[in-house]
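For reference, the structure is listed below as structure tokens.
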Amino acid sequence: MKKTMRQNLTAGMKLTAVASALTILSLPAHAEQWRGWNIHPPGYPNSIALESFAEEVADKTEGRIEPKVYHNAVLGDQPDAIEQTRNGALDFANFNMGPMGPIVPATNVLSLPFIFKSVDDMHQVMDGEIGQRFADALAEKNLVALSWFDSGARSLYNTQRPVETPADVEGLKVRVMNNDLYVEMIDALGGNATPMSYGEVYQSLKTGVLDGAENNYPSYESSNHFEIAPYYSLTEHLILPECLCIAKSSWESLSEEDQQIVRQAAEAAAEEQRQLWAERSQASREKVLSEGVKINEVADKSAFQEKMQPIYAEFIKQNPQLESLVNDIQAAQ
């Protein structure tokens, strides 16, 4: 009896060893562990799309590449993450083009107010030849842009009144992102532009340090700014694309087969993100409306656009090499 038990135990151990060996052999010999940066929390449209990208790459490469997304900017703020991706310390990231200007000057074109007429126009332009020109400029700085995400249209909101014309902005203290073009935009409308950290805006609106700010529906809703600044006016003055970017060193280490897999996964992620973004924007709009926010369409945006002409003229004067890019974007819409 004891002998039979020993024989069975020995046989079982051998089978286990064989199974373990086969498992090891089935794994990729040199799996690449990719780290990905994301500023948004889990569950956000961009975050969901990035997780889909990571899963698709891992699946289609049969584990040769194993991407992991780190949400909530835990690996640093965007300027740090840009540098980390450029030098290969990070493998991929979702970057907004607004803060990209200091590194890739051509992307400042995308921050010109009213450069895009609509979100659909932005998609069309960025998915075509012009988008490739921006990708080429990013590649010169060791960033490979594989697809373009959506960040919606940014509009003005404030505590005082609906904005129908530029005159309605006069005297308002408006928070903007830290970019000279955004400061010039509000100043050109007669407002007082105040660059400020996003996390400080709620309290500043509440105490009267600010009269307003500008952002898209999801940010306006999720930040609870609508509780204090109930006038949301659809100026849609900024429509900023975002990229799903890969470190050039990570990209060049891939075989042609894996490059194709990664690119296709990035393009699929962009499609998913845009759809999720549209759904989230609609849900946010409905929520703030239910809470009593007064949303107004801006019937004539040309009055606002006219106020931006000196900004365009000065921008082209300072960046003559980008004039054709500005003209081509405008002509493509």
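Counted from 1, the sequence shown has number 129 at position 37 by my numbering; the numbering is strictly sequential.
Beta carbons: idealized from backbone N, C-alpha and C, even for Gly.
{"query": "Starting from the Cα of Leu332, find the closest Cα among Pro205, Lys152, Gly282 and give me that residue.", "result": "Pro205"}
{"query": "Return yes when the Cβ of Pro254 is within less than 8 Å of the Cβ of Val268, no when it is not.", "result": "no"}
{"query": "Looking only at DSSP bridge pairs, what is Gln125 linked to?", "result": "Glu158"}
{"query": "Would you say Leu326 and Ile387 are within 8 Å of each other, going by their C-beta atoms?", "result": "yes"}
{"query": "Below 7 Å, is the gap between the Cβ of Ser289 and the nearest heavy atom of the ligand NAP?", "result": "This structure lacks the ligand NAP, and indeed carries no ligand of any kind."}
{"query": "Where do the ends of the alpha helix (DSSP H) carrying Ala361 lie?", "result": "348 to 382"}
{"query": "Can you tell me the Cα-Cα spacing of Pro191 and Thr153, whole angstroms?", "result": "32 Å"}
{"query": "Give me the DSSP bridge partner(s) of Ile331.", "result": "Ala245"}
{"query": "Would you mind listing the alpha helix (DSSP H) stretches within the stretch 265 to 310 that are 4+ residues and don't spill past its ends, in chain order?", "result": "272 to 280, 293 to 299"}
{"query": "Please classify Gln196 as buried or exposed, where buried requires at least 16 neighbouring CB atoms within 10 angstroms.", "result": "Note that residue 196 is Val in the sequence shown, not Gln. By the 10 Å Cβ count, Val196 comes out buried."}
{"query": "Between the stretch 357 to 366 and the stretch 127 to 144, do at least 3 Cβ pairs fall closer than 8 Å?", "result": "yes"}
{"query": "Quick one: give me the first and last residue of the beta strand (DSSP E) that Asn388 is part of.", "result": "386 to 389"}
{"query": "Identify whether Leu414 lies in helix, strand or coil by the three-state DSSP scheme.", "result": "helix"}
{"query": "Start and end of the beta strand (DSSP E) containing Ala424?", "result": "Segment: none, Ala424 is in no beta strand (DSSP E) and carries neither H nor E."}
{"query": "Are the beta-carbon atoms belonging to Gln425 and Lys209 less than 8 Å from one another?", "result": "yes"}
{"query": "State the DSSP-derived secondary structure class of Ile206, mapped to helix, strand or coil.", "result": "Contrary to the premise, residue 206 reads as Phe rather than Ile in this sequence. Phe206 falls in the coil class under three-state DSSP."}
{"query": "For Ala185, report the span of its beta strand (DSSP E) as first-last.", "result": "184 to 188"}
{"query": "May I ask you to report which of helix, strand or coil DSSP gives Ala181?", "result": "coil"}
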